[in-house]
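Numbering (UniProt numbering), first residue to last: 1 to 280.
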Amino acid sequence: MTSEYAEFPFRITFENNTMSYVKSFDGTSLWYEVHGHAGGTPVLLIAGNACDHAVWNYVLADFSAERQVIVFDHRGTGKSDDHFPESWSTRDFAKDASAVLQAAGVKHAHIYGHSMGGRVAQWLATDRPDVTLSLILGATSIGEKHGIPLTAATTKAMRDNDSVQLMAMCYPDDWVMAHPEEAMSGAPNPRSAEAFQAHIRASGEHDAWEIASLINAPTLVIHGSDDGITPSGNAGILAARIPGACLHMLEKARHVYWAGHPEVNIIISEFMKEAERLKP
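Structure below.
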């Protein structure tokens, strides 16, 4: 990894997890946290559009018992800075993710991206194949130019940050009633209106049609059949473009497909273990 990714000068450690900051390629300060024990190869979790690390709260324990789990706040969200939003791209977000991995001392990792985070993960796997042991792409797409675009209703709900509509698109109603705090933690948490719109623009401009065919890491594409954000037909388009990718569709699952489908975390864990067994 290159020296342009310099760690910010402080770190706070608690039992089994460490919180810290790192400066990315353009000086933007990014907050990240490492959970769990050293064991299996670490996994980096990359959140979706304008979401911070909290979107992963419900699944952390399922992965951290077997390996270190690294989460971070995208630039413009949570505890990270929001400099230069007018120029952000999903490739910039991938550079941020690479900086986090370096600061955490990770040489190889499973890369798991959800929604826009899956678009970011596509760039990370392409730009840093040396780091990417496996790739999990959840509820995402190859980009709207070659994929199935968001509906007008979804686009409006996202631009307006309509929490009621977005909640319904992401989660089953009964799951929200049973897990209100977890559902709320998955809501966008931008630092500013400008940062929020910059995330939407960067995600909308993503186009991985050419680079997807260059991805050589074992790849698992996961999607819910009832996804209200990213049309489910994108999963097949994406999986067909990545050499050797596996596709797993979750019936009746929405955009946040692990809500009501805890079995998906087992599927992902087994996929990561198999990638570790096959590592040269």
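Just so it is clear, CB atoms sit at the ideal spot from N, CA and C, and this is done for glycine as well.
{"Item": "Isoleucine 267 bridges to which residues according to DSSP?", "Value": "Answer is none; isoleucine 267 lacks a bridge partner."}
{"Item": "Are there three or more Cβ pairs, one per stretch, closer than 8 Å when the stretch 134-146 is compared with the stretch 228-242?", "Value": "yes"}
{"Item": "Going by alpha carbons, who is nearest to histidine 110 out of Ala99, Ser134, Val100, Lys23?", "Value": "Ser134"}
{"Item": "Kindly indicate which three-state DSSP category serine 213 falls into: helix, strand or coil?", "Value": "coil"}
{"Item": "Counting along the chain, where does the alpha helix (DSSP H) carrying aspartate 199 start and finish?", "Value": "Just to set this straight, residue 199 is histidine in the shown sequence, not aspartate. Element bounds for histidine 199: 193-205."}
{"Item": "Under DSSP, the beta strand (DSSP E) around serine 233 begins and ends at which residues?", "Value": "Inspection of the sequence shows that residue 233 is occupied by glycine rather than by serine. No beta strand (DSSP E) contains glycine 233, which is instead part of the alpha helix (DSSP H) from 233-241."}
{"Item": "Find out if the Cβ-Cβ distance for the pair serine 170, alanine 239 is shorter than 9 Å.", "Value": "A small correction: the amino acid at residue 170 is cysteine; serine does not occupy that position in the sequence shown. No."}
{"Item": "In chain order, what residues of the same chain have a beta carbon less than 7 Å from the beta carbon of asparagine 57, not counting five sequence neighbours either side?", "Value": "Glu182, Ser185"}
{"Item": "Let me check understanding here. Comparing Cα to Cα, which of Ala253, Arg254, Cys246 lies closest to glutamate 270?", "Value": "Cys246"}
{"Item": "Provide the residue(s) that pair with threonine 219 in DSSP beta bridges, ordered along the chain.", "Value": "Leu135"}
{"Item": "Give, in chain order, every unbroken run of the beta strand (DSSP E) that is at least 3 residues long and sits entirely within the stretch 112-196.", "Value": "132-138"}
{"Item": "Cutting at 8 Å between CB atoms, please list the residues of its own chain near leucine 250, excluding the five before and the five after it.", "Value": "Ile222, His223, Gly224, Ser225, Tyr257, His261, Val264"}
{"Item": "Cutting at 7 Å between CB atoms, please list the residues of its own chain near alanine 94, excluding the five before and the five after it.", "Value": "Val120, Trp123, Leu124, Asp127"}
{"Item": "Could you say if the stretch 43-51 and the stretch 79-89 meet the contact criterion of at least three C-beta pairs nearer than 8 Å?", "Value": "no"}
{"Item": "Arginine 277 by DSSP, collapsed to three states: which one?", "Value": "helix"}
{"Item": "Which whole-angstrom value describes the C-beta separation of threonine 28 and aspartate 81, a residue pair presumed to lie in contact below a C-beta threshold of 8 Å?", "Value": "5 Å"}
{"Item": "Just checking my contact of phenylalanine 25 with alanine 99 at CB under 8 Å: how many whole Å lie between their CB atoms?", "Value": "7 Å"}
{"Item": "Identify whether proline 42 lies in helix, strand or coil by the three-state DSSP scheme.", "Value": "strand"}
{"Item": "What does the Cβ neighbour count give for glutamate 33, buried or exposed, with the cut at 16 atoms within 10 Å?", "Value": "buried"}
{"Item": "Going by DSSP in three states, alanine 109 sits in which element: helix, strand or coil?", "Value": "strand"}
{"Item": "Taking just the CA atoms, how far does leucine 150 sit from leucine 60?", "Value": "29 Å"}
{"Item": "Taking alanine 202 as the reference, which of Ala153, Gly118, His37 has the closest Cα?", "Value": "Gly118"}
{"Item": "Tell me which residues share the same chain as arginine 191 and place their Cβ nearer than 7 Å to its Cβ, disregarding the 5 neighbours each side in the sequence.", "Value": "Gly76, Thr77, Asp82"}
{"Item": "If you follow the beta strand (DSSP E) that valine 69 is part of, which residue opens it and which one closes it?", "Value": "67-72"}
{"Item": "Ends of the beta strand (DSSP E) at serine 29?", "Value": "29-35"}
{"Item": "Pull the bridge partners of cysteine 51 from the DSSP assignment, please.", "Value": "Answer by DSSP bridge pairing: none, since cysteine 51 is not bridged."}
{"Item": "With 16 other CB atoms within 10 Å as the buried threshold, where does glycine 39 fall?", "Value": "exposed"}
{"Item": "Could you name the residues of the same chain whose beta carbon sits closer than 7 Å to that of asparagine 161, not counting the 5 residues immediately before and after it, in chain order?", "Value": "Pro188, Phe196"}
{"Item": "Can you have a look at arginine 11 and say buried or exposed, based on whether 16 or more other CB atoms are within 10 angstroms of its CB?", "Value": "Here arginine 11 scores only 41 on pLDDT, less than 50, and its place in the model should not be relied on; the value that follows carries that caveat. Looking at its Cβ environment, which holds fewer than 16 other Cβ atoms inside 10 Å, arginine 11 is exposed."}
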